[in-house]
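Notes to accompany the following structure.
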Amino acid sequence: MCQGTIYAQYFGLGSETRRTATDIPDPFGIEIGNPAEIPEEFEEKWLVNIHAIDTRGAEDKSGCTECKCDLYNVTVDESGRSIRPDYKGGLLCCYDHTQCKLKEGFEGPKRSLYLRYKVKWIDWDDYIVPVKIYVLDVTDTLKLSDDSKGTNSDHNCKVEYQVESCSTDHKEENGCVHVKRTNLPFQTGGYVIYGVAHQHSGGIGSTLYGQDGRVICSSIPIYGNGNEAGNEVGHIVGMSTCYPQPGSVKIIDGETLTLESIYNNTKEHAGVMGLFYLLVAEQLPYTSTLDILSSSFL
Numbered sequence: 445m446c447q448g449t450i451y452a453q454y455f456g457l458g459s460e461t462r463r464t465a466t467d468i469p470d471p472f473g474i475e476i477g478n479p480a481e482i483p484e485e486f487e488e489k490w491l492v493n494i495h496a497i498d499t500r501g502a503e504d505k506s507g508c509t510e511c512k513c514d515l516y517n518v519t520v521d522e523s524g525r526s527i528r529p530d531y532k533g534g535l536l537c538c539y540d541h542t543q544c545k546l547k548e549g550f551e552g553p554k555r556s557l558y559l560r561y562k563v564k565w566i567d568w569d570d571y572i573v574p575v576k577i578y579v580l581d582v583t584d585t586l587k588l589s590d591d592s593k594g595t596n597s598d599h600n601c602k603v604e605y606q607v608e609s610c611s612t613d614h615k616e617e618n619g620c621v622h623v624k625r626t627n628l629p630f631q632t633g634g635y636v637i638y639g640v641a642h643q644h645s646g647g648i649g650s651t652l653y654g655q656d657g658r659v660i661c662s663s664i665p666i667y668g669n670g671n672e673a674g675n676e677v678g679h680i681v682g683m684s685t686c687y688p689q690p691g692s693v694k695i696i697d698g699e700t701l702t703l704e705s706i707y708n709n710t711k712e713h714a715g716v717m718g719l720f721y722l723l724v725a726e727q728l729p730y731t732s733t734l735d736i737l738s739s740s741f742l
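Under the working numbering, the letters of the sequence shown match residues 445 to 742, in that order.
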């Protein structure tokens with residue numbers, strides 16, 4: 445729902461990928477490869493964009509994964525443009541070939557890394573119900589036009605944001621919680637089939653509310669407690685997901701949703717994100733529709 449192609453991806457997960465469910469329940473599916481939607485003389489391709497940070501021997505591992513600019517010793521971004529002084533960390537400071545500050549004297553061996561992933565697909569037929577992918581961003585500060593309900597509005601997603609450390613008084617009361625919210629209208633609603641949030645370390649959870657205050661989906665991080673791959677202590681290694689019974693959670697056309705992202709701010713966090721992924725079906729399978737209609741008369 446953001447401006448341009450800022451979120452052109454279908455899935456954009458981080459360290460939580462391994463332990464976050466991404467299956468799409470039958471009979472719903474994401475349509476790809478439709479010749480009618482591919483421009484003439486173009487070919488549809490898939491891209492995997494990987495952002496990996498080597499924290500071996502790092503002086504401040506959490507600061508490295510938050511891409512704090514002083515640890516990467518950069519003052520310009522990947523395009524050579526100056527980074528503003530109040531930008532403490534984020535994607536602008538940890539681009540390709542940048543190196544986070546290491547402990548004095550550390551020399552790590554070179555190594556090769558491999559990514560294994562699985563893609564599930566089936567041939568499209570009339571029994572599959574298409575879903576639309578929505579990526580909501582808590583940093584979105586959209587401006588609504590008089591005749592718009594969301595999709596054609598002037599969105600301004602900043603992708604990441606800074607979480608300042610709370611005061612000493614709040615630390616003593618264990619009340620260090622940073623809450624960020626935004627309101628986002630849906631031009632065309634539908635039935636929620638799947639939902640999940642994306643947060644960085646320090647995240648407590650994220651919730652999407654309907655206009656009447658009902659909870660559409662809450663997604664809570666799972667933190668690792670070991671050293672093995674996929675269970676790294678202090679890192680988010682999974683996010684809880686929402687798979688509502690088809691037809692049970694509906695977003696109404698033109699409804700304004702509220703997205704809330706919560707972080708612990710005992711210490712400051714740089715370059716955090718508050719994204720929410722939704723798969724929405726504008727119609728239900730025929731059998732499900734009959735079930736809902738029949739149950740309403742019982």
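Each residue gets a CB set at the ideal place from its N, CA and C atoms; glycine is no exception.
Nearest to residue i (by Cα), restricted to the options the options
i             : options                        : result
glutamine 631 : Thr710, Val582, Glu726         : Glu726
lysine 512    : Ser611, Cys686, Ile696, Val607 : Val607
valine 659    : Lys564, Ser692, Ala465         : Ser692
glycine 646   : Thr626, Ile637, Tyr635, Tyr605 : Tyr605
leucine 515   : Ala502, Tyr730, Ile476         : Ala502
arginine 560  : Pro529, Gly678, Arg462         : Arg462
alanine 673   : Pro479, Leu557, Pro529         : Leu557
proline 469   : Glu485, Ile572, Cys538         : Ile572
glycine 473   : Val518, Ala480, Ile566, Lys545 : Ile566
leucine 491   : Thr542, Pro479, Ala480, Val563 : Val563
Secondary structure of residue i, DSSP reduced to three states
i              : result
threonine 509  : helix
arginine 625   : strand
proline 479    : helix
isoleucine 736 : No answer about isoleucine 736 holds up, because its pLDDT of 49 lies below 50 and its placement is not dependable.
leucine 559    : coil
leucine 742    : Confidence at leucine 742 is low in this model, with a pLDDT of 47, below 50, so its placement is unreliable and the value that follows should be read with caution. The answer is coil: DSSP assigns leucine 742 none of H, G, I, E or B.
threonine 595  : Residue placement at threonine 595 cannot be trusted, given a pLDDT of 49 that sits under 50; the coordinates are not used to answer.
threonine 461  : helix
alanine 725    : strand
cysteine 601   : coil
tyrosine 516   : helix
cysteine 661   : strand
cysteine 537   : helix
tyrosine 531   : coil
tyrosine 687   : coil
Status (buried if at least 16 other CB within 10 Å, exposed otherwise) for residue i
i              : result
lysine 547     : exposed
asparagine 709 : buried
leucine 703    : buried
valine 575     : buried
glutamate 488  : exposed
threonine 595  : At threonine 595, the pLDDT of 49 sits below 50, so the modelled position is not reliable; the number obtained from the coordinates is stated separately. Under this definition threonine 595 is an exposed residue.
valine 724     : buried
proline 690    : buried
valine 636     : buried
isoleucine 695 : buried
glycine 634    : buried
glutamate 393  : This structure cannot speak to residue 393, because the chain is shown only from 445 to 742.
Whole-angstrom C-beta distance between residue j and residue i, which should lie under 8 Å
i            : j             : result
leucine 722  : tyrosine 578  : 4 Å
serine 662   : serine 705    : Actually they do not touch by this definition, with Cβ atoms about 11 Å apart.
proline 471  : proline 688   : That pair is no contact at about 16 Å.
serine 609   : lysine 711    : 5 Å
tyrosine 539 : glutamate 551 : The Cβ separation is near 23 Å, so there is no contact.
Using 8 Å as the cut-off, can you tell me whether the segment 524–535 makes contact with the segment 712–726, which would need three or more C-beta pairs spanning the two stretches below that distance?
With contact defined as three or more Cβ pairs closer than 8 Å, the segment 524–535 and the segment 712–726 are in contact.
Does the segment 619–638 come into contact with the segment 568–587, if we say contact requires no fewer than three beta-carbon pairs (one atom in each stretch) closer than 8 Å?
A contact exists between the segment 619–638 and the segment 568–587.
Three or more beta-carbon pairs under 8 Å between the segment 678–696 and the segment 632–643, yes or no?
The answer is yes - the segment 632–643 touches the segment 678–696, with three or more Cβ pairs under 8 Å.
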